[in-house]
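Below is one structure, written out as C-alpha cells, with a few remarks after it.
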Amino acid sequence: MEIVRLVLLFGHLAGFAAMVGGFFYQMRIKQPEIGSYMIGGAIGQAVTGAALIGSRYALDLPVNNPKMGVKLVLDLIVLAVAIAGTRQRVKSPGMFYAAGVLAALTAAVAVFWT
2 MEIVRLVLLF GHLAGFAAMV GGFFYQMRIK QPEIGSYMIG GAIGQAVTGA
52 ALIGSRYALD LPVNNPKMGV KLVLDLIVLA VAIAGTRQRV KSPGMFYAAG
102 VLAALTAAVA VFWT
C-alpha cells in the first residue's frame with residue numbers, strides 16, 4: 002500500500018507541476034489563457050489529493066483533517082476557476098491569474114501548515 006501512496010504523491014506533484022508550469026509558460030504571452038494542461042493538472046490535484054487522504058487512513062498514518070479539508074476546497078476552487086476561465090467567450094486574464102495564485106496558495110498551505 003505504501004507504493005500506491007507514493008505513486009499517488011508523484012501524481013499529485015505532477016498535477017501541481019502542470020498547473021504552475023502552465024501558468025508560467027502562459028505568462029510570457031501577451032494574452033495568457035488557461036490551457037488544457039492546467040485543467041488536467043487541477044483535476045489531477047483534486048483526484049490524487051483525495052486518494053492520498055484515503056491512502057493515509059488505510060496505512061493508519063496521521064491525517065490533519067482541517068488542513069486536508071482546506072486543501073481539498075482550494076483544489077476544487079482552482080478547478081472551478083480553471084474551467085470557468087476556459088468557458089468564457091472573451092478570455093479575461095483575471096481567471097488565469099486567479100487559477101495560478103490559488104494553485105500557489107494551495108502549495109503554501111501544504112508546506113507551511115504543519
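Residue numbering for the sequence shown follows the working numbering, starting at 2 and increasing by one per position. No residue lacks a Cβ here, since even glycine has one placed at the ideal position from N, Cα and C. Predicted model only: the values in this text are computed from it and were never measured.
Where residue i sits in the DSSP three-state scheme
i: Asn66; result: helix
i: Lys72; result: helix
i: Met28; result: helix
i: Glu34; result: coil
Candidates the options: closest to residue i by CA position
i: Ala109; options: Ile30, Asp76, Pro33; result: Asp76
i: Trp114; options: Met28, Ala15, Pro67; result: Pro67
i: Ala104; options: Leu7, Leu10, Gly95, Val79; result: Val79
i: Tyr38; options: Val8, Met20, Gln27; result: Met20
i: Tyr98; options: Val64, Gln32, Leu62; result: Gln32
i: Met28; options: Val112, Gly95, Val5; result: Gly95
i: Gln89; options: Pro63, Leu10, Val5, Glu34; result: Glu34
Cβ-Cβ distance between residue i and residue j below 8 angstroms
i: Gly12; j: Gly23; result: no
i: Lys72; j: Thr49; result: no
i: Ile30; j: Ala83; result: no
i: Leu60; j: Glu3; result: yes
i: Gly16; j: Gln46; result: yes
Residue-level contact to chain C via CB, residue i, 8 angstroms cutoff
i: Met28; result: Protein chain content of the structure displayed is limited to a single chain, and chain C is not contained in it.
Span of the alpha helix (DSSP H), counted from its first residue to its last, around residue i
i: Val53; result: According to the sequence displayed, residue 53 carries Leu and not Val. Its alpha helix (DSSP H) spans residues 37-59.
i: Gln89; result: No alpha helix (DSSP H) contains Gln89, which DSSP labels as neither H nor E.
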